[in-house]
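Quick notes on the structure that follows.
2 protein chains.
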Amino acid sequence: MLESLYLNLGQHDALSDAEKALLAGAMTFERHFATGQDIVASGSRPTYSTLILDGLAARYKVLENGSRQFTSLQVPGDFVDLHAFLLKTMDHGIVALSPCHVRFADHGRLRTITEQAPHLTRLLWLDTLVDGAIHREWIVAMGRRSKTSHLAHLVCELFVRLQVVQRTNGMSFHLPLSQAEMADVLGLSVVHMNRVIGALRKVGVVSWANHTVTILDWHRLQEIAEFDPTYLSMLREPR
Amino acid sequence: MLESLYLNLGQHDALSDAEKALLAGAMTFERHFATGQDIVASGSRPTYSTLILDGLAARYKVLENGSRQFTSLQVPGDFVDLHAFLLKTMDHGIVALSPCHVRFADHGRLRTITEQAPHLTRLLWLDTLVDGAIHREWIVAMGRRSKTSHLAHLVCELFVRLQVVQRTNGMSFHLPLSQAEMADVLGLSVVHMNRVIGALRKVGVVSWANHTVTILDWHRLQEIAEFDPTYLSMLREPR
DNA sequence: AACGCGCTCCAACAAATGTTAATTCCTTGC
DNA sequence: GCAAGGAATTAACATTTGTTGGAGCGCGTT
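Chains as they are written, first to last, in our numbering: chain A, 1 to 239; chain B, 240 to 478.
What follows is the structure, given as structure tokens:
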């Protein structure tokens, strides 16, 4: 049931059975969300943190003029709002980009983990640090990469992250976002998003249809993206 | 000596004297860095985390074509690389943007804190979570705000953060960045950065000369920026 | 089968942003 | 005081990105 979480946390350092049991013990009820539904509302003060068991979700903010920007994409095994455990108030919303199956971790029990299980605490902390590392990579992509490179980088990142939790199929993965939603990831207009996807297709490094992305030339895609997975901390070492 | 750190961590929740002592005990030697010097090198594996006592620093990445993007600005009281305590390998560099006086916290002693001081651990974790929240706000600014609004937002953010650690002077603060460096913050060309600063000046909400920024109309600046400080978690509450 | 709807894709034009190159201003070293 | 070099500023032009409007396509409903 929590296999994705174990895969996700366990990629950075070994997870003991006792720690898995502690995590399982922190979990409470499950819930399903339909595509487009808010999983966590901006401004709310959750008393649970949400683990994605299956589906794709995103953090986002909306400006006064109605434009939206996604600040992260969350895959199975990710806590979408572990940060709310300490930040308390959500300064952004979280929306389901596909049907999402989630499970809620009680903040009281997470607190107990911080009191009694230092190593597991560090792994949870680390999970939020990787979040931050991804954010920094996105900032670089938005500020200094060409749009094609930005998109290529995102494809690389998603592929690697989905592979860790076994949601890839060969060199393909399912990406349920519409081009309008992709535009809210990269910070572009829909029209230009369409151009950029077309450009990446034209180079021949990916095929992209029916919400399925297939990487045709990983080496060249990585080159276009200047993708270096160091920031994902996928090396298993003592933490 | 560590007053800025206490102010920074203490803005979110009360810091006990025992916790202050633990923090002080984790600190080792001090060092000065000249403007432009690297405080932490990309790719390194620090065994210390760096606390800024005085000065301004920034995290950055450089792409193959030589362009640079800052991913954060760090003010006194900030740990510039607390995340390296668990991420282990630096995936970016940290550079001094002004003469910097820093002090190094030993990772071994930080680890001891995580074993023995859960509340202080949560506050250190929180510190990195606020980092993440700032990153998200930057992503939104880069993706969906006008450049003028982005700059206004940055001015608001810096003013508030500097105020917490008592580095403001009335409605003014010292900002030692050249326009080329500012361009690496916003992800613009130098020429356009100059245009945008000019635009903000022209509106009359800030004056900006000799590396000193003065906010002339906070209300209107905040309006232009759509600045909502919630993401900085400045409310003191139990964490 | 007809219709409506959301999504992809495209064209034409408008606006924002980058590039190159010069000019001026200011600080620093001599 | 003067020369040199960095930084700010501006102009002219090139490129990227946004906007508006619409065509085509798949899909579910009537």
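Every residue gets a Cβ at the ideal spot worked out from N, C-alpha and C, and that includes glycine.
Can you check whether the CB of residue j is closer than 8 Å to the CB of residue i?
i      : j      : result
I94/A  : V165/A : no
A117/A : L22/A  : yes
M381/B : G204/A : no
L336/B : R122/A : no
L2/A   : A24/A  : yes
R68/A  : H92/A  : no
L390/B : F412/B : no
K147/A : V379/B : no
E30/A  : V102/A : yes
S49/A  : L82/A  : yes
L120/A : E465/B : no
L5/A   : L51/A  : yes
H211/A : L154/A : no
V424/B : F309/B : yes
C156/A : L216/A : no
Is there a C-beta anywhere in chain B that falls below 8 Å from the one on residue i?
i      : result
R144/A : yes
E3/A   : no
E237/A : yes
A58/A  : no
A189/A : In the sequence under discussion, the amino acid at residue 189/A is Ser, which differs from the Ala named in the question. By this cut-off, S189/A is not an interface position.
H150/A : no
G308/A : Any answer about residue 308/A is impossible in this case: the structure gives chain A only from 1 up to 239.
I139/A : yes
T128/A : yes
R136/A : yes
E19/A  : no
In the DSSP assignment, the beta strand (DSSP E) including residue i goes from what residue to what residue?
i      : result
M266/B : M266 to F272
S207/A : V206 to A209
R103/A : C100 to D106
T469/B : First-last for T469/B: undefined, no H or E at that position.
V369/B : Note, V369/B: premise wrong, no beta strand (DSSP E); alpha helix (DSSP H) at P357 to R383.
V213/A : T212 to I215
D277/B : D277 to V279
Using beta carbons (cut-off 8 Å, strictly below), is residue i in contact with chain A?
i      : result
Q308/B : yes
I436/B : no
D317/B : no
H431/B : no
G294/B : no
D370/B : yes
E420/B : no
K300/B : yes
H346/B : no
E269/B : no
E396/B : no
Which first and last residues belong to the alpha helix (DSSP H) in which residue i is found?
i      : result
G426/B : Per DSSP, G426/B belongs to no alpha helix (DSSP H) and is neither H nor E.
L151/A : K147 to V164
F412/B : Careful: F412/B lies outside any alpha helix (DSSP H), inside the beta strand (DSSP E) at S411 to H413.
E242/B : E242 to G249
R284/B : Neither: R284/B is in no alpha helix (DSSP H) and is coded neither H nor E.
R459/B : W457 to A464
L87/A  : A84 to L87
Who pairs with residue i in a beta bridge, going by DSSP?
i      : result
G305/B : Paired residue(s): none; G305/B is not in a bridge.
A96/A  : A57/A
T289/B : F343/B
L312/B : A297/B
N194/A : In the DSSP output, where bridge partners are listed per residue, N194/A has none listed.
F318/B : L290/B
T407/B : F412/B
message: At a CB distance below 7 Å, what residues from the stretch 109 to 125 of chain A approach chain B? Give them in sequence order.
response: For the stretch 109 to 125 of chain A, the set of residues with a beta-carbon nearer than 7 Å to any beta-carbon of chain B comprises T114, E115, P118, T121, R122 and W125, in chain order.
- prompt: Taking Cβ-Cβ distances below 7 Å as the criterion, which residues of the stretch 200 to 232 of chain A are in contact with chain B?
  reply: For the stretch 200 to 232 of chain A, which is checked against every Cβ of chain B, the residues closer than 7 Å are E226, T230 and Y231.
task: With 7 Å as the limit, tell me which residues of the stretch 318 to 335 of chain B have their beta carbon closer than that to any beta carbon of chain A; keep them in chain order.
output: H322, L325, L326, K327, T328, D330 and H331
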